Amino acid sequence: MKVIGLGDNVIDRYMNKNMMYPGGNAINFAVNAKKCEVDSAYLGVFGDDEEAELIKYSLEDLGVDISKCRKLENGTTKRCDINIIDGERELLNVDIGANWPKPIRIEKDELEYLAEFDLIHSSCNAKLEDQIYKLKEIDSIITFDFSTKDKYRTDEYLQKICPYIDLALFSCENMNINEIKIFQKKIHDFGCKYVLVTMGKNGQVFFDGNKYYNGKVKLVNPVDTMGAGDSFIAAFIVTLLRFGWKDNNKLTENEILSAFEKASNYSADICMIEGAYGYGKPIKEKR
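Residue 1 is where the sequence shown starts when you use UniProt numbering, and the numbers rise one by one after that.
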């Protein structure tokens with residue numbers, strides 16, 4: 001079983017602690033899948049700076065394959081500046097620098113490589129919405145994290161993604177359960193087979209087109225919630241793959257509920273470390 005994270009890489013800078021940590025949806029997915037004892041890889045474009053070196057070092061140290069990644073000469077890694085207060089994040093600033101790498105182009109060579117994986121995970125932050133359709137040329141399961149922002153929930157955006165993916169993921173802490181169920185039905189009608197919504201401490205809802213399934217959160221006193229959603233997603237997906245999830249089969253209630261439990265326990269553990277997955281380093285310079 002092999003999975004790959006496709007897309008973004010960033011540095012999360014904790015300004016009130018003067019520390020920086022590797023992150024990004026695709027990176028976090030690949031790392032957490034590896035921690036769940038699945039062969040994993042990351043495909044994207046790195047910058048050419050200290051931040052990129054930290055990200056690459058962490059992935060190589062954990063055994064995540066980055067052999068097909070590219071580096072943009074003089075490229076700048078995206079920085080997300082935050083404060084961590086009582087384990088919760090406060091976003092201060094996002095800085096892509098003077099030469100942020102453009103999204104990777106998915107061409108013939110990339111498709112041949114991606115076809116080696118059982119599952120490909122990407123997100124809105126990968127900026128691949130105009131290329132996702134290409135992935136349906138291969139047999140891999142495709143999962144996609146739409147995150148929280150309204151600009152990634154317009155009909156125009158959803159139409160570019162939903163018909164070409166197998167599982168859509170959303171974070172909807174500010175919606176009530178009835179709104180969430182209506183929203184999930186809409187996503188399914190756009191062509192996506194499965195829809196998972198996370199609601200922070202209020203749990204999760206999974207929709208298979210016919211039935212809604214509810215998950216629970218394992219409550220802890222978190223050290224840091226950075227990457228908690230990505231860790232939940234990775235553990236949830238890996239559990240389903242271990243049950244034999246394929247592109248053409250239907251998930252059972254037992255499989256879905258078991259995945260909820262495994263993912264809740266795993267993400268609770270991740271909340272007890274600093275950064276999305278550790279590997280912190282002091283901030284030394286400004287751009």
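Every residue, glycine too, gets a C-beta built ideally from N, C-alpha and C. All values derive from a computational prediction rather than experimental measurement.
L54 sits away from I106, with the two beta carbons spaced by 9 angstroms or more. Distance between L196 and N125, taken at the CA atoms: about 18 angstroms. DSSP, reduced to helix, strand and coil, places E137 within a helical segment of the structure shown. Rounded to the nearest whole angstrom, the C-alpha separation of N254 and S231 is 21 angstroms.
Under the DSSP definition of a beta bridge, T198 partners with S171, Q204.
Non-local beta-carbon contacts of P282 in its own chain, meaning distances under 8 angstroms to residues more than five positions away in sequence, involve N18, M19, M20 in chain order. The three-state reading of DSSP puts E88 in strand, counting E and B together. Minimum Cα-Cα distance from T143 among the listed residues C69, D247, G275 corresponds to D247.
Beyond the five residues adjoining it in sequence on each side, G229 comes within less than 7 angstroms, by CB distance, of S171, T198 in the same chain, given in chain order. DSSP, reduced to helix, strand and coil, places D48 outside both helices and strands of the structure shown, so it counts as coil.
Out of Y14, L135, D8, the CA that lies nearest to the CA of G275 is found in Y14.
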